[in-house]
Amino acid sequence: MSKRDYYEVLGVNQGASEQTIKSAYRKLALQYHPDRNQGDSVAEEKFKEAAEAYAVLADLQKRNLYDQFGHAGVSSSAGGEPSFDASVFADFGDILGGLGDIFGFGGQQRHGGPQRGSDLRYDLEISFDEAARGIETSIQVPREEHCEACSGSGAAKGTSREACTQCHGQGQVRFQQGFFTVVRTCPKCRGAGQVIGKACLDCRGTGRIGRERKLNVKIPAGIATGQRMRLSSEGEHGPHGGPPGDLYVVIHVQEHPFYQRDGDDLLCYVPVPFATLALGGETEIPTLKGRQNLKIASGTQPGTKFRLAGKGMPNVSGRGQGNLYVIVSVEVPQQLSKEQREVVEKLAEVLPQETIDPEAQKGDRPFFDRVKDILG
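Sequential numbering from 246 applies to the sequence shown in this note's numbering.
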């Protein structure tokens, strides 16, 4: 039976570009894929025919031979069938994956041998003060660990895993489908290459048992929300005796009622009596390491920002400490005694009365721009 022209099979002309040929093959492969046409022998033949045509036309050297000599130019001397370069199918793993590792280009690996365990995540909430000074705490982590009774093998004590009789320990079975060599995971051992004759009673052949493990965790000073710590090999143990994964502890720091944090710097608002702002003096500022006096110059305006160097949060990497920024505001008493009211009234009489002139304010910078200057 004579073969159809490869260009005709793919529905392209002889001068078609490489991309056009690839697109045409993808369309046909999706249309006639055996998984979509189970039991349809006609679709299966069309799928094979399209794959054979693409394997030749996608290879520049074979395409040139085909253009000159037709099918005879690309037939192997042994059986008259074309010889194929598996690499031309490398871009079609999403289509051909359902047929297994065609021609072996997928590099399929055994899935049932020892594998690394899964990484775990643990969310830990700490207070602002704990983040500032650093703490050591303990956590309870549920995870899968190797079964002690069978040492993670899954086989009952006194027995061991045996080579799978279906795949002969390879974890894969191969069969010929036309010019395809199809490789599938062995259905009997599920890719392990080994089977368990008698399963361990403790883990029922899985090789792992769920347990809770108590771990001590050192939280460095200065840590912030969203930062995480990796505890190597403290994740779940791998299947079939595989090594454990890692545990990631993700930190969540509670908000502080007084301080606002910006990286390693802290910001706070401190109310100061009017008399102190007007006459000058000192006021106490709470810092992370106790109270500290802050000198206030006479005539200090509300919104003035002071910087206390090195009084912020410690750097989590140990590189110094941030600053503490203090913004002062006017402290207005809510209740006045009779004597205090009299004094304030006398003060009001002698202080100059300022009036707001809208025309004079036109040249001023916008209010929010001035606020940004105050806040840095």
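Note that CB positions come from ideal geometry on N, CA and C, so glycine has one too. It should be emphasised that the depicted structure is a prediction, and the values quoted were computed from it without experimental measurement.
Next on the checklist: Just list the residues that DSSP pairs residue 400 with in beta bridges.
Outcome noted: DSSP links residue 400 through a beta bridge to 444.
Checklist entry - Taking Cβ positions, are residue 252 and residue 270 nearer each other than 7 Å? => result Cβ distance not < 7 Å, so residue 252 and residue 270 don't count as in contact.
Next on the checklist: If distances are taken between C-alpha atoms only, which option among 437, 508, 250 and 516 comes closest to residue 319?
Outcome noted: Taking only the C-alpha atoms, the option nearest residue 319 is 250.
Checklist entry - Taking all protein chains shown into account, do 16 or more other C-beta atoms lie within 10 angstroms of the C-beta of residue 507, making it buried, or fewer, making it exposed? => result The residue in question, residue 507, is exposed, as its Cβ has fewer than 16 Cβ neighbours within 10 Å.
Checklist entry - Does DSSP classify residue 391 as helix, strand or coil? => result In the three-state DSSP reduction, residue 391 falls in the strand class (E or B).
Item to check | Euclidean distance between Cα positions of residue 344 and residue 437 | outcome: Below a pLDDT of 50, predicted positions are generally treated as unreliable, and residue 344, at 49, falls in that range; the measurement from the model is reported next regardless. Going by the C-alpha atoms only, they are around 20 Å apart.
Item to check | Which residues DSSP lists as bridging residue 536, in chain order | outcome: BP columns for residue 536 point to 531.
Checklist entry - Bridge partners of residue 463, per DSSP? => result Answer is 381.
Item to check | Per-residue DSSP class, three states only, for residue 316 | outcome: In the displayed model, residue 316 falls within a helix according to three-state DSSP.
Checklist entry - Cβ atoms of residue 373 and residue 498: under 7 Å apart, would you say? => result In this structure, residue 498 sits near residue 373, with a CB-CB distance shorter than 7 Å.
Checklist entry - Can you tell me whether DSSP reads residue 311 as helix, strand or coil? => result Helix at residue 311.
Next on the checklist: Restricting to Cα atoms, I'd like to know which of 545, 535 and 517 is closest to residue 578.
Outcome noted: Distances from the CA of residue 578 to each of 545, 535 and 517 were compared; the closest alpha carbon is that of 517.
Next on the checklist: Whole angstroms are fine: how far does the CA of residue 410 sit from the CA of residue 460?
Outcome noted: Answer to the nearest angstrom: the Cα atoms are 43 Å apart.
Next on the checklist: Using the Cβ count rule (16 or more neighbours within 10 Å means buried), how would you classify residue 514?
Outcome noted: The Cβ neighbour count for residue 514, taken over all protein chains shown within 10 Å, is under 16; the residue is labelled exposed.
Checklist entry - Going by other Cβ atoms of all chains shown within 10 Å of its Cβ, with 16 needed for buried, is residue 475 buried or exposed? => result By the 10 Å Cβ count, residue 475 comes out exposed.
Checklist entry - Shortest alpha-carbon distance to residue 294 belongs to which of 261, 247 and 281? => result The shortest C-alpha separation from residue 294 is found at 247.
Checklist entry - In angstroms, rounded to a whole number, what distance separates the CA positions of residue 532 and residue 569? => result When rounded, the separation of the alpha-carbon atoms in residue 532 and residue 569 is 8 Å.
Checklist entry - How many angstroms separate the CA atom of residue 257 from the CA atom of residue 417? => result Going by the C-alpha atoms only, they are around 37 Å apart.
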